[in-house]
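K.L.:
One line per chain: the protein sequences are A and B, in this order.
Residue numbering for the first sequence follows UniProt numbering, starting at 1 and increasing by one per position.
Residue numbering for the second sequence follows UniProt numbering, starting at 1 and increasing by one per position.
My structure is below; once you've seen it, I'll send some questions.
Protein chains: 2
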Amino acid sequence: MTTSEPGDAKRPTRRSSNPTVHDVALEAGVSPMTVSRVLSGGKNVRLEVQERVARAVETLGYHRNENARSLRPGHRSGLVGVTITNIANPYYAEMLRGVEEIASAHGRRILVGNSNEDADLEKQLVADFIGRRVEGLIVVPSSAGDAAHLQLERLGGVPVVLASRAVGGVSADTVLIDDVEGARTATAALLAEGHRRVAYLGQRSVFTGRRRLEGFTVAHEALELTPDEELIRVGQQDVGSAERAMTELLDLADPPTAVFSANNRNTVGAIRAIVARRRATAGTGAGGGGDDIRVAGFDSFDFADIAPVRLSIVDHDAGDLGRRAAAMLFDRLDGGAQPVEPRVLELPVTLRDLF
Amino acid sequence: MTTSEPGDAKRPTRRSSNPTVHDVALEAGVSPMTVSRVLSGGKNVRLEVQERVARAVETLGYHRNENARSLRPGHRSGLVGVTITNIANPYYAEMLRGVEEIASAHGRRILVGNSNEDADLEKQLVADFIGRRVEGLIVVPSSAGDAAHLQLERLGGVPVVLASRAVGGVSADTVLIDDVEGARTATAALLAEGHRRVAYLGQRSVFTGRRRLEGFTVAHEALELTPDEELIRVGQQDVGSAERAMTELLDLADPPTAVFSANNRNTVGAIRAIVARRRATAGTGAGGGGDDIRVAGFDSFDFADIAPVRLSIVDHDAGDLGRRAAAMLFDRLDGGAQPVEPRVLELPVTLRDLF
DNA sequence: CGTGTGTTTGGTAACGATAACAACCCGGCC
DNA sequence: GGCCGGGTTGTTATCGTTACCAAACACACG
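The following block contains the structure:
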């Protein structure tokens, strides 16, 4: 386009839209093919031409259209879809960072969706991701609703890795936390200290909740004890409801002397309730009471170490969960021929005393 | 094409790859065009044909290729790019959720990248996002390095909204927390209580840190006071270093009677140092000392309300930050003709006394 | 029965990029 | 001079989808 003939009105100048290889080619006085060649390494292109093209790219602010590229056969989209039940949960945020880290190292970008524990929304997200030709999916499956949309054949052959939770009826690569063992160890520690009335705060409807309750029960059974049903509270979703549940427990005629909580929201709620009770009884001069309730909880959280109670935490690395899940996915994507059987990985946890 | 003639070997059956409109058309015995019509609403297509196509879609597990669709003129990619300096930071995670919420409501998906405070990485992310034809960008700019890549003309006209931090030399829509006012109010509250030696714990290299220090200073100047340089500590990145800095302050000949900290890590560190000192002096029977150090801090955190000191918090909503940034972006994308001037929004903060 | 109106359907081209092929240029060799 | 091989460049066709046009069809009305 050094000289602008009146005849070449084929492509009217469109300043607004993104420039294409064609525009760059005009600017550099070469063919689109040559531009393409320069952009993919410049093999077999004269140096002088390469420089001319580079200048044109710079001048026009050209960016290769990846969507168009991914259209060509054999080309990959470079995208991985991630659906999470709640991005704002620091635990999943940390996991997401792990996924991003590995994806980035493999030259992929991540598409993120929030399923909000809604299977329908999750289904839409997955369908949309497949429509965008993601190469793979990492899914924290929602606890509610059926999961038929995660069947391999429904995904058009796109590999999926389930993270944090398994799904009945779906056989796919899965990375889990060792929920049962974590809950068992923590509960066993409380029992070993002599506590015999240990409460449980958690969930039963969610996969991890069920497993953690199982660990709680197993620890009791190992000592031929049976947990008191009255001390088992399930269904608290947030800190507020957890605090109320703990307060109820403290109000019992025969209150617990220790509590195991199955996630960080419940732990924080329990600690709040204990501290509130401590302040109230301190005023009456009663002294003892809720003061020395022992707490053990699954998941770490910010500033757990300044909690004003004797606290142990079942710690696990969310970032590692994400990295492992992503690694599993890229193993299938970039690794050679794979075994077809899905693999299940259970990540270990550690019990930390924070006092 | 119900009967398969030997001659029609044009498109060999490819079970492995994703089916296309063409495949669906063959299956349903119609033309690709008709399939396309059915998929976009089915206007002017016989009901019987629509059902046939729907069945074929179901049978083959067809998903429209969004990348191919977005190629067509006038069509949008439905993507928004988000770069964050640290996804794992709960504050930005919450922000991300806000962005996702609004994006989702506008029928868009989000591409997420972690810049890790690295301007080069951020630049690559932005370039890649533009290559994928995102309709807009939401960027938490990295504090280090230059930001030429965020210039509007460099972005090929893709609108960008800066979140949480502004960037010198870049004029773009920006959503900020009202750092100056938050720090000013909190500091003013401490001064109003009669404190005259108020320490500052925070940062000076980061945008928000500078602004919060400014608010701290302004509050002093309003009362014709000058903050003691000795009481200003900057550069603490984590709880540990903040605790050490606070301990140093307590060891001064003329220690502060109150402290304003510019973020939650510093607040927690300060509280730790104060509590440690209190325990130490309690043993000596000294009584007073670090006992009644007053604390005010930016950012909330778990257990802020049960902290064992007189604490005020400058509270702000990260989710709101994300929602506002996204709303600003979609205002430009979906709203009609816009004013060209970039807008800057400063979100209000509230001072909460937690005692 | 012819014409007009409206519905349903299919062919063609284009979006942006690039493999595959073809064409060209150049120097070196017989 | 004519031919060959290597480097360089351009042309064509294709990826999956859909807007636009044209064709085919149904039906009503004069």
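For each residue, glycine too, the CB sits at the ideal point set by N, CA and C.
Applying the criterion that 16 or more other CB atoms from any shown protein chain within 10 Å of the CB defines a buried residue, is Ser-312(A) buried or exposed?
P.N.:
The residue in question, Ser-312(A), is buried, as its Cβ has 16 or more Cβ neighbours within 10 Å.
K.L.:
Pull up the distance between the alpha-carbon of Ala-88(A) and that of Leu-225(B), whole angstroms please.
P.N.:
Between Ala-88(A) and Leu-225(B), the C-alpha separation is close to 41 Å.
K.L.:
Comparing the C-beta of Ser-77(A) with each C-beta of chain B, is any distance below 8 Å?
P.N.:
Interface residue, yes.
K.L.:
Between Glu-214(A), Ile-130(A), Val-140(A), which has its C-alpha nearest Asp-118(A)'s C-alpha?
P.N.:
The shortest C-alpha separation from Asp-118(A) is found at Val-140(A).
K.L.:
Anyone know if the C-beta pair for Ala-318(A) and Met-95(A) falls short of 8 Å?
P.N.:
The answer is yes: Cβ separation under 8 Å.
K.L.:
So, at 7 Å on beta carbons, what are the nonlocal neighbours of Arg-184(B) in its own chain, with the 5 sequence-adjacent residues on each side left out?
P.N.:
The residues are Gly-215, Val-218, Ala-219.
K.L.:
Verify the CB distance criterion: does Pro-90(B) have a CB-CB separation below 8 Å to chain A?
P.N.:
So yes, Pro-90(B) belongs to the interface.
K.L.:
Counting C-beta neighbours from all protein chains within 10 Å, is the total for Ser-261(B) 16 or more, i.e. buried, or is it exposed?
P.N.:
The residue is buried, with at least 16 neighbouring Cβ atoms inside 10 Å.
K.L.:
Bridge partners of Asn-114(B), per DSSP?
P.N.:
Asn-114(B) pairs with Ile-84(B).
K.L.:
DSSP three-state label for Phe-216(A), please.
P.N.:
Phe-216(A): helix per DSSP, three-state reduction.
K.L.:
Hey, out of Ile-102(B), Pro-256(B), Val-314(B), whose CA is closest to Ala-199(B)'s CA?
P.N.:
Nearest C-alpha to Ala-199(B): Pro-256(B).
K.L.:
Among Pro-308(B), Arg-212(B), Ser-164(B), Met-328(B), which has the Cα closest to the Cα of Gly-136(B)?
P.N.:
Answer by Cα proximity: Met-328(B).
K.L.:
By the criterion of Cβ-Cβ separation under 7 Å, what are the contact partners of Ala-68(B) in chain A?
P.N.:
Chain A residues near Ala-68(B): Leu-71.
K.L.:
From which residue to which residue does the beta strand (DSSP E) around Glu-346(A) run?
P.N.:
Unbroken beta strand (DSSP E) run through Glu-346(A): 344-347.
K.L.:
Looking only at its own chain, which residues have a Cβ that is under 6 Å from the Cβ of Phe-355(B), when we skip the five neighbours before and after it?
P.N.:
Here the set comprises Arg-310.
K.L.:
Are the region 103-117 of chain A and the region 42-52 of chain B touching by the rule of at least three beta carbon pairs closer than 8 Å?
P.N.:
Flag = no, the region 103-117 of chain A and the region 42-52 of chain B do not touch.
K.L.:
Are Thr-174(B) and Val-344(B) closer than 8 Å when you measure CB to CB?
P.N.:
A contact, by the Cβ cut-off of 8 Å.
K.L.:
DSSP three-state call for Thr-350(A): helix, strand or coil?
P.N.:
It is a strand residue.
K.L.:
Check whether the Cβ atoms of residue 389(B) and Ile-293(A) lie closer than 8 Å to each other.
P.N.:
No answer is possible for residue 389(B): it lies beyond the span of chain B, which begins at 1 and ends at 355.
K.L.:
Specify whether the region 229-245 of chain A and the region 185-205 of chain A touch according to this definition: at least 3 beta carbon pairs, one from each stretch, less than 8 Å apart.
P.N.:
In short, these stretches touch, since the Cβ pair count reaches three.
K.L.:
Can you name the residues of chain A whose CB is closer than 7 Å to the CB of Arg-64(B)?
P.N.:
Chain A residues near Arg-64(B): Gly-131.
K.L.:
Within the region 113-147 of chain A, note down every full alpha helix (DSSP H) run reaching 4 residues or more, in order along the chain.
P.N.:
Whole alpha helix (DSSP H) segments, 4+ residues: 119-131.
K.L.:
From the beta carbon of Ala-93(A), is the nearest beta carbon of chain B less than 8 Å away?
P.N.:
Yes, Ala-93(A) counts as interfacial toward chain B.
K.L.:
Tell me where the beta strand (DSSP E) around Ile-313(B) begins and ends.
P.N.:
Per DSSP, Ile-313(B) belongs to the beta strand (DSSP E) from 311-315.
K.L.:
Examine chain A for any beta-carbon lying closer than 8 Å to the beta-carbon of Ile-138(B), and answer yes or no.
P.N.:
No, because no Cβ of chain A sits closer than 8 Å to the Cβ of Ile-138(B).
K.L.:
Suppose contacts are defined by Cβ-Cβ distances below 8 Å. Is Glu-66(A) in contact with Gly-131(B) by that definition?
P.N.:
A contact, by the Cβ cut-off of 8 Å.
K.L.:
Counting only beta-carbon separations shorter than 8 Å, does Gly-169(B) have a partner in chain A?
P.N.:
Cβ-Cβ to chain A under 8 Å: no for Gly-169(B).
K.L.:
What whole-angstrom Cβ distance do Ala-172(B) and Val-161(B) have, given they're in contact under 8 Å?
P.N.:
Going by Cβ atoms, the distance from Ala-172(B) to Val-161(B) rounds to 7 Å, so yes, they are a contact pair.
K.L.:
Which same chain residues end up closer than 7 Å to Val-24(A) when comparing Cβ atoms and leaving out the 5 residues on each side of it in sequence?
P.N.:
Within the same chain, Val-24(A) has close Cβ partners Val-35, Val-53, Ala-56, Val-57, Leu-60, Tyr-62.
K.L.:
Could you name each continuous alpha helix (DSSP H) segment of 4 residues or more that falls completely within the region 182-258 of chain B, going from the start of the chain to the end?
P.N.:
Qualifying alpha helix (DSSP H) stretches, in chain order: 207-222, 239-250.
K.L.:
Just how far apart, CA to CA, sit Glu-221(B) and Ser-164(A)?
P.N.:
Glu-221(B) and Ser-164(A): Cα-Cα distance of roughly 53 Å.
K.L.:
Looking at the unbroken beta strand (DSSP E) that takes in Gly-297(A), where does it start and where does it end?
P.N.:
Taken as a continuous stretch (DSSP letters only), the beta strand (DSSP E) holding Gly-297(A) covers 294-298.
K.L.:
How should Ser-31(A) be labelled, buried or exposed, when 16 other C-beta atoms within 10 angstroms of its C-beta is the threshold for buried?
P.N.:
The residue in question, Ser-31(A), is exposed, as its Cβ has fewer than 16 Cβ neighbours within 10 Å.
K.L.:
Within the 8 Å Cβ cut-off, does Val-112(B) reach chain A?
P.N.:
So yes, Val-112(B) belongs to the interface.
K.L.:
Counting only Cβ pairs nearer than 8 Å, list the residues of chain B close to Val-275(A).
P.N.:
Per Cβ cutoff of 8 Å: Ile-306.
K.L.:
Given a cut-off of 8 Å, decide if Pro-90(B) and Pro-227(A) are closer than it, judged by their beta-carbon atoms.
P.N.:
Not a contact, by the Cβ cut-off of 8 Å.
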